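Scroll down for the structure; my scribbles are underneath it.
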Amino acid sequence: DTGVSQDPRHKITKRGQNVTFRCDPISEHNRLYWYRQTLGQGPEFLTYFQNEAQLEKSRLLSDRFSAERPKGSFSTLEIQRTEQGDSAMYLCASSLAGLKPRETQYFGPGTRLLVL
Amino acid sequence: AQSVSQHNHHVILSEAASLELGCNYSYGGTVNLFWYVQYPGQHLQLLLKYFSGDPLVKGIKGFEAEFIKSKFSFNLRKPSVQWSDTAEYFCAVRTRAGGGSQGNLIFGKGTKLSVKP
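Read top to bottom, the protein sequences are chains A and B.
According to my numbering, the first sequence is numbered sequentially starting from 116.
According to my numbering, the second sequence is numbered sequentially starting from 6.
This is the structure we're talking about:
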């Protein structure tokens, strides 16, 4: 399977703990996105990378959230001092952005976070 | 701020009925438009996309969508639904300020489609 993969698929943690999620994009995709989806809502943009550079961050991304893509391949999303409001599905998507603006994002299965 | 509205939260149809799901966006400039589908227990999959050209685009599994610029709409249609079309459908927009791509997608809240056999 050469699609976007995410690990873990499920995470249960206690309030105040730190959690880290990993995303492996489709090989050779230069853009990687993180979204968050809560019940009854569509995905909401958090941040994205082009290669290893983080190009944009949403206002949804509080100081407790940090994302990295150190070698321009996989990415990690860390949430520090988790709160119950962080409970959501965290989605990763990747794309190949080139000269022609016909970029299409492909999504992974997501990591479902439950903060107790 | 840009937004995407999907008019129907939950649609229930019988097999062979025709489907139209509404999607409107708020942005006056150039846009790229997408419909994604999420089948039960599966991840988001691309159904179809519009970048430019013919406003009527065809996707997988017999779905099509029409971009009407004057109405800021990109409605999804299928002439005859099947039980296997039961899923949640999301409309998404990417704005293209300055001729380039803004990158991130803006999603609607989704429409759940239930097809009765």
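C-beta atoms are modelled at their ideal positions from N, C-alpha and C, and glycine is treated no differently.
Computed from a predicted model, the values in this text were never measured in an experiment.
If you compare alpha carbons, which of Q195(A), L170(A) and D122(A) is closest to S99(A)? Outside the shown range of chain A, which is 116 to 231, sits residue 99(A), and nothing can be said about it.
Please decide whether F79(B) counts as near chain A, where near means a Cβ-Cβ distance under 7 Å. Within the second sequence, numbered from 1, the residue matching residue 79(B) stands at position 74. No, because no Cβ of chain A sits closer than 7 Å to the Cβ of F79(B).
When Cβ atoms are compared, which residues of the region 138-150 of chain A fall closer than 9 Å to chain B? Cβ contacts with chain B: R146, Y148 and Y150.
R99(B) to N109(B) span [Cα, whole Å]: Taking the second sequence and counting its residues from 1, the one referred to as residue 99(B) is at position 94. Taking the second sequence and counting its residues from 1, the one referred to as residue 109(B) is at position 104. Using only the alpha carbons, I get a separation of about 6 Å.
Using a cut-off of 9 Å between C-beta atoms, extract the partners of F112(B) located in chain D. Of the chains in the structure shown, none is chain D; the protein chains are A and B.
Using the C-alpha atoms, what's the distance from T35(B) back to G105(B)? As a first step, residue 105(B) must be located in the second sequence, where it is residue number 100. As a first step, residue 35(B) must be located in the second sequence, where it is residue number 30. Here the model assigns G105(B) a pLDDT of 46, short of 50, so the residue's position is not dependable and the matter cannot be decided.
Determine whether the Cβ of R217(A) lies closer than 7 Å to any Cβ atom of chain B. By 1-based counting over the first sequence, the position of residue 217(A) is 102. With 7 Å as the cut-off, R217(A) counts as an interface residue toward chain B.
To the nearest angstrom, report how far apart S57(B) and E198(A) are at their CA atoms. Taking the first residue of the second sequence as 1, we reach residue 57(B) at position 52. Taking the first residue of the first sequence as 1, we reach residue 198(A) at position 83. When rounded, the distance between both Cα atoms is 42 Å.
So with Cβ pairs under 7 Å, would you call G58(B) a contact of chain A? Position 53 of the second sequence holds residue 58(B). No, G58(B) lies away from the interface with chain A (no Cβ there is under 7 Å from its Cβ).
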